[in-house]
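S.K.:
There are 2 protein chains.
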Amino acid sequence: MTHPIITAIEERRTTVLFDPSRDISDEQITELVHLATKAPTSFNLQNWRFIAVRTSDAKARLRAVAWDQAKITESSVTFIICGQMADEHTLPERLAPAVEAGIMPAQMVDGWEAGAGSLYNEQAWRQRDEAVRTATFGAATLIFAAHAMGLGSGPMIGFDPEAVAREFTLASDEIPVMLLSIGYGTPENWPQKPRRPLSQVLSFV
Amino acid sequence: MTHPIITAIEERRTTVLFDPSRDISDEQITELVHLATKAPTSFNLQNWRFIAVRTSDAKARLRAVAWDQAKITESSVTFIICGQMADEHTLPERLAPAVEAGIMPAQMVDGWEAGAGSLYNEQAWRQRDEAVRTATFGAATLIFAAHAMGLGSGPMIGFDPEAVAREFTLASDEIPVMLLSIGYGTPENWPQKPRRPLSQVLSFV
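Next up, the structure:
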């Protein structure tokens, strides 16, 4: 029997058309983000933030700075998934619960902070790459969680990042990496599109 | 009953310690990449490449430029997951199979290329962000596929990107976004570490 995860990977498709008459609850939104934050992040940095754009007013404001895409107002919620510029000084606080739980030896924290510092400190493009990686890992996990809950998802990069940051008061270290609409899709959505042949994308060494 | 995808998200943990005596086959590696490429990419760009580092020689060369991390030689395979700088001119070729399959109307391709061009053309940081997003979506999907196949996975950013590019002959538009070791984990691996409280990472507007 095919594992349900494999089936989900094979069947998932991007949802563009949502049924505006079917809504999801705040509890479901919270559960989706709870699951999204189970994704891995480098050094367990968890340098992300999820803004659930939920009200009619906020949806209209987001749509106005995102290529007027209808799925923002027709889906139940659109997440602004932010990555935060990686900062090794956040690590002691982020790792403290793992130390308290007896998972991570306390004396390892300094080494992790030093390792992260060697990657990020005063290297803005590495800090930014990490923000994009972290937010995307969160988005991917949220997409699978939504699929498991019978919901469709539509990721978007067609938006004005400066305007999104201004309208939704992002902090100066936050990057809007992706928008992600979630809700009930209609049957008219396209199936998954064909992929490049593996010979073009996989090599063994 | 909890959906197996939800269970996987809750249970997944990063594997650092691999059993070097247990190997996986080239067929399994191919299947993992087949599934990884089912991940979504912006405009279906599929701007990624997966290098399966598999032989003892190649593993040693990679370990030497990746902080001497043991999991590179002890796991069955370590993927160098590359993102390619986003280039809208690749779209007609990437979308052709969707047109041929009758999924996408042929007259839409020009519009997608124009939309992608407005985002990427002569905007290097956006091209790079897209390379990181695409590779990370592929990595996340590969991690879930591995989990479904009973395999552990360990993503890594601790490596010298220039040296990796040189040793493994990456093209000038390719970025090594992540290394990802796959194999059978040992029982000593840590469980998933606790996450930040949702109140710190989720807001509703």
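Protein chains in written order, with our numbering: chain R, 1 to 205; chain Z, 1001 to 1205. Each residue gets a CB set at the ideal place from its N, CA and C atoms; glycine is no exception. Just so we're clear, the structure is a prediction, and the values are computed from it rather than from any experiment.
#1: Taking only beta-carbon positions, decide if residue 1147 of chain Z is within less than 8 Å of chain R.
#2: Establish whether the CB of residue 42 of chain R and some CB of chain Z are separated by less than 8 Å.
#3: In its own chain, which residues sit with a C-beta less than 6 Å from the C-beta of residue 113 of chain R, not counting the 5 before and 5 after it?
#4: Determine whether the Cβ of residue 166 of chain R lies closer than 8 Å to any Cβ atom of chain Z.
#5: Where does the unbroken alpha helix (DSSP H) through residue 1118 of chain Z begin, and where does it stop?
#6: Under 8 Å between C-beta atoms, does residue 1034 of chain Z make it to chain R?
#7: Locate the alpha helix (DSSP H) running through residue 1067 of chain Z, then write down its first and last residues.
#8: So for residue 92 of chain R, helix, strand or coil by DSSP?
#9: Under 8 Å between the Cβ atoms of residue 1151 of chain Z and residue 1180 of chain Z?
#10: Out of Z:1012, Z:1022, Z:1007, Z:1178, which has the shortest C-alpha to C-alpha gap to residue 1132 of chain Z?
#11: Of the choices R:172, R:67, R:31, R:41, whose alpha-carbon is the least far from that of residue 52 of chain R?
#12: If distances are taken between C-alpha atoms only, which option among R:14, R:159, R:74 comes closest to residue 192 of chain R?
#13: Which residues in the same chain have their Cβ closer than 7 Å to the Cβ of residue 1080 of chain Z, if we skip the five residues on either side of it in sequence?
#14: For a cutoff of 8 Å on Cβ pairs, would you count residue 192 of chain R as touching chain Z?
#15: Could you have a look at residue 1102 of chain Z and say whether DSSP puts it in helix, strand or coil?
#16: Examine chain R for any beta-carbon lying closer than 8 Å to the beta-carbon of residue 1023 of chain Z, and answer yes or no.
#17: Assuming residue 120 of chain R and residue 145 of chain R make a contact with CB atoms under 8 Å, what is their CB distance in whole Å?
#18: Report the option in R:195, R:136, R:183, R:159 whose CA atom is closest to the CA atom of residue 37 of chain R.
#19: Opposite residue 1125 of chain Z in the DSSP bridges: which residues?
#20: Report the residues of the segment 1065-1079 of chain Z with a CB closer than 7 Å to any CB of chain R, ordered along the chain.
#21: Chain R partners of residue 1112 of chain Z, CB-CB under 7 Å?
#22: Measure the alpha-carbon distance for residue 1153 of chain Z versus residue 1022 of chain Z and round it to whole angstroms.
#23: With DSSP run on the structure shown, which of helix, strand or coil describes residue 1204 of chain Z?
#24: Per DSSP, which residues does residue 158 of chain R bridge with? Please list them.
#25: Do the CB positions of residue 3 of chain R and residue 1140 of chain Z come within less than 8 Å of each other?
#26: Taking 8 Å as the threshold (C-beta atoms), are residue 1067 of chain Z and residue 1138 of chain Z in contact?
#27: What residues from chain Z crowd round residue 37 of chain R, counting only those whose CB sits closer than 8 Å?
#28: Taking residue 176 of chain R as part of the beta strand (DSSP E), name the residues at either end of that continuous run.
#29: Can you round the beta-carbon distance between residue 83 of chain R and residue 134 of chain R to whole angstroms, since I take them to be within the 8 Å contact cut?
#30: Only counting the same chain, and skipping five residues up and downstream in sequence, which positions put a Cβ closer than 6 Å to that of residue 1039 of chain Z?
#31: Cβ atoms of residue 1077 of chain Z and residue 1182 of chain Z: under 8 Å apart, would you say?
#32: Thinking C-beta only, is residue 94 of chain R closer than 8 Å to residue 44 of chain R?
#33: Return the CA-CA distance between residue 1123 of chain Z and residue 1129 of chain Z, expressed in angstroms with no decimal places.
#34: At a Cβ cut of 7 Å, what residues of the segment 125-146 of chain R count as close to chain Z, listed as they run along the chain?
#35: Name, please, each residue of chain R whose Cβ falls closer than 8 Å to the Cβ of residue 1003 of chain Z.
#36: Output yes if chain Z places a C-beta closer than 8 Å to the C-beta of residue 50 of chain R; else output no.
M.R.: On the basis of the coordinates in this document:
#1: Yes - at least one Cβ of chain R is within 8 Å of the one on residue 1147 of chain Z.
#2: So, interface residue.
#3: Counting only Cβ-Cβ distances below 6 Å, and skipping sequence neighbours, we find 88, 91.
#4: Not closer than 8 Å to any Cβ of chain Z, the Cβ of residue 166 of chain R fails to qualify, so no.
#5: Start and end: 1109-1120.
#6: Yes, its Cβ sits closer than 8 Å to a Cβ of chain R.
#7: For residue 1067 of chain Z, there is no enclosing alpha helix (DSSP H), as DSSP gives it neither H nor E.
#8: In this structure, residue 92 of chain R counts as helix in the three-state DSSP scheme.
#9: No. Outside cutoff.
#10: It is Z:1178.
#11: Of R:172, R:67, R:31, R:41, the residue nearest in Cα terms is R:31.
#12: Of the listed residues, the one whose Cα sits closest to residue 192 of chain R is R:14.
#13: For residue 1080 of chain Z, same chain residues with a beta-carbon under 7 Å away, outside a window of 5 residues either side, are 1051, 1053, 1164, 1168, 1176, 1179 in chain order.
#14: Proximity of residue 192 of chain R to chain Z, defined by a Cβ-Cβ separation below 8 Å, is satisfied.
#15: Assigned with DSSP and collapsed to three states, residue 1102 of chain Z falls in coil, not helix or strand.
#16: Using beta-carbon distances, residue 1023 of chain Z does not count as an interface residue toward chain R, since no partner is under 8 Å.
#17: No, residue 120 of chain R and residue 145 of chain R are not in contact; Cβ-Cβ is about 29 Å, not under 8 Å.
#18: Minimum Cα-Cα distance from residue 37 of chain R among the listed residues R:195, R:136, R:183, R:159 corresponds to R:136.
#19: Partner(s): none; residue 1125 of chain Z has no beta bridge.
#20: Those residues of the segment 1065-1079 of chain Z that come within reach of chain R (Cβ to Cβ, closer than 7 Å) do not exist; the list is empty.
#21: Those do not exist, as residue 1112 of chain Z stays about 11 Å from chain R at its closest Cβ, beyond 7 Å.
#22: If you take the alpha carbons of residue 1153 of chain Z and residue 1022 of chain Z, they lie about 14 Å apart.
#23: Correct three-state label for residue 1204 of chain Z: strand.
#24: According to DSSP, which records beta bridges pairwise, residue 158 of chain R is partnered with nothing at all.
#25: Here residue 3 of chain R is not near residue 1140 of chain Z, since their CB atoms are 8 Å or more apart.
#26: Result no, Cβ atoms of residue 1138 of chain Z and residue 1067 of chain Z do not sit closer than 8 Å.
#27: Within 8 Å Cβ-Cβ: 1195, 1196, 1198, 1201.
#28: Annotation: the continuous beta strand (DSSP E) that includes residue 176 of chain R extends over 174-183.
#29: The beta-carbon distance between residue 83 of chain R and residue 134 of chain R, rounded to whole angstroms, is 5 Å. This is short enough to meet the 8 Å contact definition.
#30: Around residue 1039 of chain Z, the same chain offers 1137, 1138, 1141 as residues with beta carbons nearer than 6 Å, after the five sequence neighbours per side are excluded.
#31: In contact: residue 1182 of chain Z and residue 1077 of chain Z (Cβ atoms closer than 8 Å).
#32: Here residue 44 of chain R is near residue 94 of chain R, since their CB atoms are less than 8 Å apart.
#33: For residue 1123 of chain Z and residue 1129 of chain Z, the gap between their C-alpha atoms comes out near 10 Å.
#34: With the criterion set as a beta carbon lying under 7 Å from some beta carbon of chain Z, the members of the segment 125-146 of chain R are 129, 132, 133, 136, 137, 140, 141, 144, 145, in sequence order.
#35: Result: 4, 148, 149.
#36: True, the Cβ-Cβ gap to chain Z drops below 8 Å.
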